[in-house]
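Residue numbers (the working numbering): 20 to 620.
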């Protein structure tokens, strides 16, 4: 009894009661982003994605493609009808069982990330996976990264929808985009048995010149868990048998830069041609299955024609994982390697250009590897030709997908060592620069950042809006819309309860509720409970950083102590302040020039 009274006295001590609110405020700020929730959610995404990718890999790489490949080598006449059948099946599935046959694979994930807040329509999930299996497993020039990235992204989006109702996780619309990328990273990690490649590729994938940095932590966790899940069934051995070099010379670095230049130009030409051919096929007023059948015919002809020139174990069709080891064996002439790379690119353009369901990561690095090895054999005469094969792979991935970091990381993981990293970095950088903005993806964005360093001395109290419209969580959506002025320019509104901020309600969230339900749905049902708070003396640069972290919320709430709202700051306010500051600096500079000598130089 005395012990209980002692503890009660401790918690009621004046000093503890005085400083407890400060400690609570500090802890609230430290855990404001709820990063700890990813320790639970990301492993679930990783395990689920890993199991799904394991099933897809077993079906295609163990059950379908090996016997199909043997049959094609034994009966060359079967290649063309086999590819027509593969693309016909995929085309029929996509046309009759999906809402848009041209929306799938990596492109759908990128589009969902940018345009749909990470939302993916999961009804056609199974048909799209079946179409991908038909495309790749029967010989289409593509590989497993397409269904793996799509499958992982769809699983991440689906898990967000399931967990959204659990308040303990505090999931909002921004988290769905994070979980989409998290799932895509897990899929890429599993299919290549390369966790770092999966993480970096998924983060680079949405942009040409930036990263989806907000998804780093969950992607890191999910990728490792997904890799471990697949490895428990299929093993953890690398997919490709590289002979690791012990080192490199300065001449190797120069040759790597030259190889990057050449492959960058080739990749740019291929990507531009592919995008134009893809646009032509999408606009063609033919049934999708007809376009796919024609693409299968052209793809099959590429394989058949190549075998008429060279019948040494290489075939530019299917997932082609086996072709990597064959190329690295060094038993093929430079002309055969270049011819294989060209036919592989042509077959890929015909397979995916007409709407084949997959992606071209493997075709690009396979073509780059064949070009790099031919470059080594014909010009460099290096003692380690695998070095140039690896550099060629990294260069083509970097230039074709605008993912230079993923390209180098993939080489490091695929070769099992670090000897190729520096040459691959140089070649990838040159190829990336030479190829410009040309990308195999039509949905990637550049994502340029705004420079606001000159606003570090400007507090938000000088730029915030003091006139604002607040609402109550108890209002129905119909009452909420009735109180809004038709002339208001706000997109998001603070939700107040007893004078305290409890959340925000955006017009975007309102638009997601059918109008017929506005009378029964309350503001508290759709509001975002995560409220970003800053003090009035916070500088504008920090405010913009916090705004960019929100992504789905175009407003930042500025508060004083005890949650008293004194104003709101939007991205528009900061950009207007930036423009005013630059205008004033320009006028000041002009005035100084005029005063110096009486004229502007």
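A virtual CB, placed ideally from N, CA and C, is assigned to each residue, including glycine.
Ranked by how close their Cα comes to the Cα of residue 143, the residues 119, 108 and 128 have 119 in first place.
Remark: C-beta atoms of residue 543 and residue 189 do not approach each other more closely than 8 angstroms. When the Cα atoms are used, residue 115 and residue 373 turn out to be separated by approximately 16 angstroms. The residue among 174, 97, 90 and 95 with its C-alpha nearest the C-alpha of residue 61 is 174. Three or more beta-carbon pairs separated by less than 8 angstroms link the stretch 311–320 to the stretch 91–111, which places the two stretches in contact. Annotated as proximal: residue 339 and residue 162, with beta-carbon spacing under 8 angstroms. Per the Cβ contact rule, the stretch 519–539 is not in contact with the stretch 444–452 (fewer than 3 Cβ pairs under 8 angstroms).
Counting the other Cβ atoms within 10 Å of the Cβ of residue 490 gives 16 or more, which makes it buried. In the three-state reduction of the DSSP assignment, residue 525 falls in the strand class. Shown here, residue 226 sits in a strand according to DSSP, grouped into three states.
DSSP places residue 544 in the uninterrupted alpha helix (DSSP H) bounded by 542–545. For residue 322, no beta strand (DSSP E) segment is defined; the enclosing uninterrupted segment is the alpha helix (DSSP H) at 307–328. CA-CA distance, residue 212 to residue 461, rounds to 27 angstroms. Rounded to whole angstroms, residue 420 and residue 533 show a C-alpha spacing of 39 angstroms.
CA-CA distance, residue 454 to residue 584, rounds to 50 angstroms. With respect to residue 72, residue 206 sits close: the two C-beta atoms are nearer than 8 angstroms. Ranking 364, 243, 255 and 371 by CA distance to the CA of residue 386 puts 364 first. By alpha-carbon distance to residue 299, the top candidate from 68, 121, 516 and 499 is 121. Nearest in C-alpha terms to residue 274, of all of 510, 393 and 249, is 393. Counting only residues of its own chain and dropping the five nearest sequence neighbours on each side, residue 84 has a CB closer than 7 angstroms to the CB of 156, 337 and 338. Just measuring C-alpha positions, the residue of 306, 383 and 437 sitting nearest residue 267 is 437.
Shown here for residue 444: same chain residues with a beta carbon closer than 7 angstroms to its own, the five before and five after excluded, namely 427 in chain order. Put simply, the stretch 228–239 touches the stretch 191–200. At least three CB pairs are less than 8 angstroms apart. Assignment of residue 478 by DSSP, reduced to helix, strand and coil, places it in the strand class. The alpha-carbon separation between residue 381 and residue 312 amounts to approximately 23 angstroms.
Classified as exposed, residue 145 has fewer than 16 neighbouring CB atoms from the shown chains inside 10 Å of its CB. Counted as a single uninterrupted DSSP element, the beta strand (DSSP E) harbouring residue 513 occupies residues 511–516. Under a 10 Å Cβ-count criterion, residue 251 is classified as exposed, with fewer than 16 other Cβ atoms of the shown protein chains found around its own Cβ. The beta carbon of residue 329 lies closer than 6 angstroms to those of 355 in the same chain, with the five residues before and after it left out. Taken through DSSP and simplified to helix, strand or coil, residue 587 comes out as strand. It is roughly 35 angstroms from the alpha-carbon of residue 249 to the alpha-carbon of residue 278. Residue 220 sits away from residue 433, with the two beta carbons spaced by 8 angstroms or more. DSSP places residue 405 inside the alpha helix (DSSP H), whose first and last residues are 404–420. One thing to note: residue 565 has its Cβ no nearer than 8 angstroms to the Cβ of residue 590. The alpha-carbon of residue 193 is positioned some 19 angstroms away from that of residue 218.
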